[in-house]
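The structure appears below as structure tokens.
In our numbering, the protein residues as written are 1194 to 1259.
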């Protein structure tokens, strides 16, 4: 997954994918406090699927008004 598939945070900063085995989540690079509400567990062979789920959640969050 590349960063261009993630929408920017509402504060205008870029988002980043974070990992801490066995979890993956997405958060704002400027530490405004915004991150995905769900932390997605993954097994090594299916990490891409968890990244995709996290990216979809992030893009839904930042696309909402207000």
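In this text, a Cβ means the ideal position worked out from N, Cα and C, and glycines have one as well.
Pull up the CB-CB distance for residue 1217 and residue 1256, whole angstroms please, since I reckon it's below 8 Å.
In the chain shown, residue 1217 corresponds to position 24, counting from 1. In the chain shown, residue 1256 corresponds to position 63, counting from 1. That pair is no contact at about 20 Å.
For a test of the three-state rule: what should DSSP assign to residue 1195, helix, strand or coil?
For the purposes of this step, residue 1195 is taken as the residue at position 2 of the chain shown. Low confidence applies to residue 1195: its pLDDT is 49, below 50, so where it sits in the model is not reliable enough to give any reading.
Can you tell me the Cα-Cα spacing of residue 1207 and residue 1229, whole angstroms?
For the purposes of this step, residue 1207 is identified with residue 14 of the chain shown, where counting begins at 1. For the purposes of this step, residue 1229 is identified with residue 36 of the chain shown, where counting begins at 1. Distance between the alpha carbons of residue 1207 and residue 1229 is about 14 Å.
With DSSP collapsed to three states, give me the class of residue 1222.
The sequence position of residue 1222 within the chain shown is 29, counting from 1. It is coil, neither helix nor strand.
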